[in-house]
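A.B. asks:
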Amino acid sequence: MIANKKFKHFTMEDHQKSLGDDTLNIDKARAGGYDQGRLTWHPWRGLPSGDGDVADAAEKQDYEAPCKIRGTSDVHAELYAIKQACQASQAVQSPWRAMWKKSKPQLGVTVALQVFQQLTGINAIMFYAPVLFQTVGFKSDAALYSAAIMGGINVLSTLVSLALVDPLGRRKLLLEGSVQMLVAQVAIGALLGKSLKAGQEPSGEVAIWIIVLTCVFVPGFTWSWGPMGWLIPSEIFPLESRPAGQSVAILVNMLFTFLIAQAFLSMLCAMHFAIYFFFAAWVLVMGIAAFFLLPEKKGLPIEDVDSVWRNHRVWRALLPPPTEAEAHQQNMRQSL
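Shown next, in the form of structure tokens:
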């Protein structure tokens with residue numbers, strides 16, 4: 001239920017008074033980033049707030065939450081940077097036009113990430129996994145065990161990605177994942193090719209090795225090209241064109257998910273084990289592309305991400321020079 005302003009005021013302020021002074025202070029609750037939280041046990045009480053909540057908390061002279069969220073004691077400088085970026089984005093009338101005019105490199109990288117994500121071969125791996133489990137001896141429960149094991153690996157690998165994405169950076173995760181997936185794909189293709197050329201199904205020993213390699217491939221995807229394909233597009237666009245950039249990312253991802261799903265069975269029937277070499281070649285291409293074409297923004301405030309592209313040896317030629325206002329805002333943020 002969504003409360004109106006009067007009812008919301010009653011439920012928060014009067015509820016606190018009725019419980020006494022030992023309850024959570026409402027102003028501190030708002031500064032902590034849980035606007036609707038009037039009970040101390042709400043499960044989202046530890047979640048970080050957005051830029052608007054940080055600004056609101058700073059204006060109320062309660063700096064503890066903003067300092068903890070932003071990792072800096074200079075809340076005034078952070079607040080100024082946020083306000084400057086928001087004012088610049090609000091002055092743009094057409095995010096799509098701004099994206100095409102000022103963010104061509106970011107747009108190209110976003111499209112490439114979504115296409116590459118589907119060309120990693122994750123669908124080929126997951127498709128063949130139940131067959132491998134059945135060969136090893138799981139029989140009718142092969143699909144169930146396959147889903148459970150691969151699902152567990154997915155969850156654990158995602159947690160690893162969450163822990164490493166900021167300390168290591170996006171680019172290093174992509175490169176490591178590319179190497180890991182490339183080795184697994186080539187090894188799986190070689191093992192399947194050796195068995196199928198002999199005119200027989202993979203033996204139990206071969207199937208076990210392929211399952212092990214599958215369990216190597218899946219985390220390589222899950223902590224690199226899987227989540228980074230969504231995280232990076234959300235960070236690389238300027239504020240004024242970020243909604244348009246995210247829309248393009250979703251559109252291209254859904255389109256190529258559909259295309260790969262439609263083409264996969266025909267490719268598998270035509271190429272057999274060679275389909276793994278096909279996807280391995282694409283993994284090699286995307287690893288090289290990530291090494292040479294993707295800037296790293298680790299530790300850089302999201303308001304300053306545009307400067308990374310302007311200083312990149314490949315993309316800077318495609319970007320227009322910053323306007324006088326943009327250059328002034330950039331200098332002001334760097335001086336704070």
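Going by full-length UniProt numbering, the first residue of the sequence shown is number 1, and it counts up by one from there.
The beta carbon of each residue, even a glycine, is placed where N, CA and C say it ideally should be.
(1) Figure out for me which residue from F279, F273 and M150 has the closest Cα to the Cα of I260.
(2) Distance check for A148 and K102, CA to CA, integer angstroms please.
(3) What three-state label does DSSP hand S18 in the structure shown?
(4) Within its chain, find whatever has a CB closer than 6 Å to the CB of N253; leave out the 5 residues flanking it on each side and keep chain order.
(5) Would you call the stretch 313–320 and the stretch 215–223 touching, i.e. three or more CB-CB distances under 8 Å?
(6) Taking the runs of the alpha helix (DSSP H) that are 4 residues or longer, which of them lie wholly in the stretch 194–248?
(7) Using only the alpha-carbon positions, how far apart do V131 and A142 sit?
(8) To the nearest angstrom, report how far apart L318 and A184 are at their CA atoms.
(9) Under 7 Å Cβ to Cβ from residue 337, same chain only, skipping five residues before and after it: list those, please.
(10) Nearest-angstrom Cα distance between M181 and G121?
(11) Quick one: measure Cβ to Cβ for V305 and I236, integer angstroms, because I've assumed they're closer than 8 Å.
(12) Would you mind giving the Cβ-Cβ distance between G177 and W223, rounded to the nearest angstrom? I have them listed as a contact below 8 Å.
(13) Do you know offhand how far V155's Cα is from L162's?
(14) Where L173 and I250 are concerned, what is the direct C-alpha to C-alpha distance, given to the nearest angstrom?
(15) So for R310, helix, strand or coil by DSSP?
(16) Pick helix, strand or coil for V305, following the three-state DSSP scheme.
(17) Less than 8 Å separating the beta-carbons of F133 and I188?
(18) F116 and W225: beta carbons closer than 8 Å?
C.D. replies: Let me lay it out:
(1) F279
(2) 45 Å
(3) Confidence at S18 is low in this model, with a pLDDT of 43, below 50, so the placement of that residue should be treated as unreliable; the coordinate-derived value is given next. Here S18 sits in helix by DSSP.
(4) Q114
(5) no
(6) 204–220, 226–231 and 233–236
(7) 7 Å
(8) 36 Å
(9) Nothing about residue 337 can be reported from this structure: the residues present for the chain run from 1 to 336 only.
(10) 9 Å
(11) 6 Å
(12) 6 Å
(13) 11 Å
(14) 21 Å
(15) helix
(16) coil
(17) no
(18) yes
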